[in-house]
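Visitor: Quick one: the structure is below, questions incoming.
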Amino acid sequence: MRIVLLGAPGSGKGTQAKLLIEKYKIPQISTGDLLRAAVAAGTELGKKAKAAMDSGQLVADDVVLGMIQERLATPDSKGGFILDGFPRNIPQAQTLDAMLARVGQPLQLALLVDVDIEVLMKRLTGRRTCGSCGAIYNVYYTPTKVPGKCDKCGGSLQHRSDDNETTVRNRLKVYEEQTAPLVSYYKAQGKLRTARGVGSISDIFKSISDIIEAQMRPLAAAGVAVSAAASAGQARAASARGAAPAAAKKALKKAAKKVAKKAAPKKAAKKVAKKAAPKKAAKKVAKKAAPKKAAKKVAKKAAKAKK
Ligand code: AMP
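Residues in the sequence shown are numbered consecutively from 5, following our numbering.
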């Protein structure tokens, strides 16, 4: 499963990505997290990124793209990934498409977590994180009992350096100007789906999961159809080579059944059940007939004894 999570800063896509990695066992790749780690470690890349991050601007494309290319090449990304915070503009999206096309693993879904701008402002400027245990609060929506102190461990609450009002306004402006055009970009590719990002975390997660399942089902069925079509092709080729027509017919039937089963598993299950039914019915009849049989045996024995 290869997914891009789209959404403005504060839309909650990071929280949702964490729940998705639990459910689908694929890594979340967040360029924001990677960049913050580089800044904290004081690497060259971190030093380059810090100024842009602190002012709410985007970090240069070449820095981010180099980082993503490295991350996507690691073995744990091979089975799929959830990209969070990347791509952030059209050139990044185009480079990502090209990277994935080279390995024959195109993106399958771009999921937009949609939240109104006023809510985003409050979510971002009100966000506080416990410096000791990492618990997240919001002074507007989920305040602590004692201001500035974590309810869970009593640790001091911190305000992310890019969550102040000026930087937040900048980040939202940058989102509108540079990232929001990705909505049309992925819509044109037929890959865009939207979930409302308001309400409880679990409700949002449910609608996101539903979208993912709905999107992946036909893709999986199409995969089977392709492999079935390939088997059918092989069967036709075999028949053209002069193989026994019965064998070719059998292969074609098998391929068609494979597609039908995947497309309608319930129907297929019913069919199997129906096929099994006559046997069941026969057993029932046999059971019902058994006492009569037994009675007949007894009568026969009795007659013999009389003789
Ligand atoms: P985030 O945690 O995703 O909100 O990212 C925090 C900051 O990191 C952003 O405001 C940008 O400065 C920078 N950043 C994260 N991802 C990217 C990206 N794909 N391209 C450019 N800058 C990024």
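Every residue gets a Cβ at the ideal spot worked out from N, C-alpha and C, and that includes glycine.
1. Is Arg6 helix, strand or coil by DSSP?
2. Taking 6 Å as the limit between beta carbons, can you name the residues of its chain near Asp80, skipping five residues before and five after?
3. For the beta strand (DSSP E) that contains Tyr190, what are its first and last residues?
4. Using the DSSP secondary-structure output, state which residues sit across from Asn142 in a beta bridge.
5. Which of the three DSSP states is assigned to Phe209 in this structure?
6. Using a Cβ-Cβ cut-off of 6 Å (strictly less than) and excluding sequence neighbours within five positions of Lys52, which residues of its own chain qualify?
7. Measuring alpha carbon to alpha carbon, tell me which residue in Asp65, Met71 and Thr129 is nearest His163.
8. How far does the alpha helix (DSSP H) with Leu23 in it extend, from its first residue to its last?
9. Excluding sequence positions up to five away, which residues of its chain have a Cβ less than 6 Å from the Cβ of Leu100?
10. So, under 8 Å CB-CB, Ala102 and Tyr190 are touching, yes? Tell me the CB distance rounded to an integer number of Å.
11. Output the boundary residues of the alpha helix (DSSP H) element that contains Ala114.
12. Taking 7 Å as the cut-off, is the beta-carbon of Leu76 closer than that to any non-hydrogen atom of ligand 1?
13. Going along the chain, which residues of its own chain have a beta-carbon closer than 7 Å to the beta-carbon of Ala268, five neighbours each way excluded?
14. If you check the beta carbons only, do Leu196 and Val187 fall under 8 Å apart?
15. Can you tell me whether Val63 sits near ligand 2, meaning its C-beta is under 7 Å from at least one heavy atom of the ligand?
16. Cβ of Val117 within 8 Å of Cβ of Ala199?
17. Please classify Tyr145 as buried or exposed, where buried requires at least 16 other C-beta atoms within 10 Å of its C-beta.
18. Return the CA-CA distance between Lys274 and Gln20, expressed in angstroms with no decimal places.
19. Starting from the C-beta of Arg175, find all residues in its chain whose C-beta is less than 6 Å away, skip the five residues before and the five after it, and write them out in chain order.
20. How long is the line joining the alpha carbons of Ile140 and Lys82, rounded to whole angstroms?
21. Return yes when the C-beta of Phe90 is under 7 Å from any heavy atom of ligand 1, and no when it is not.
22. Name the one or two DSSP bridge partners that Ile33 has.
23. Within 10 angstroms of its Cβ, does Gln96 collect 16 or more other Cβ (buried), or is it exposed?
24. Report the three-state DSSP secondary structure of Gln61 (helix, strand or coil).
25. Check the C-beta distance from Thr183 over to Asn93 and give it rounded, since I have them as a contact under 8 Å.
26. By alpha-carbon positions, which one of Thr170, Ile121 and Gly84 ends up nearest to Glu180?
Guide: Well, looking at it:
1. strand
2. Pro31
3. Unbroken run through Tyr190 is the alpha helix (DSSP H), Pro185 to Ala192; no beta strand (DSSP E).
4. Arg131 and Thr146
5. helix
6. Val67
7. Thr129
8. Lys17 to Tyr28
9. Pro91
10. About 15 Å separates the two Cβ atoms, so there is no contact after all.
11. Careful: Ala114 lies outside any alpha helix (DSSP H), inside the beta strand (DSSP E) at Leu113 to Asp118.
12. no
13. With a pLDDT of 43 at Ala268, under the threshold of 50, the modelled position of this residue cannot be trusted; read the value that follows with caution. Closer than 7 Å at the Cβ level, and outside the excluded window around Ala268, lies no residue.
14. yes
15. Because ligand 2 does not appear in the structure shown, any question about it cannot be addressed here, the ligands present being ligand 1.
16. yes
17. exposed
18. Residue placement at Lys274 is flagged as unreliable, the pLDDT there being 49, under the threshold of 50; a coordinate-derived value is accordingly withheld.
19. Pro13 and Gly60
20. 31 Å
21. yes
22. Leu87
23. buried
24. coil
25. 6 Å
26. Ile121
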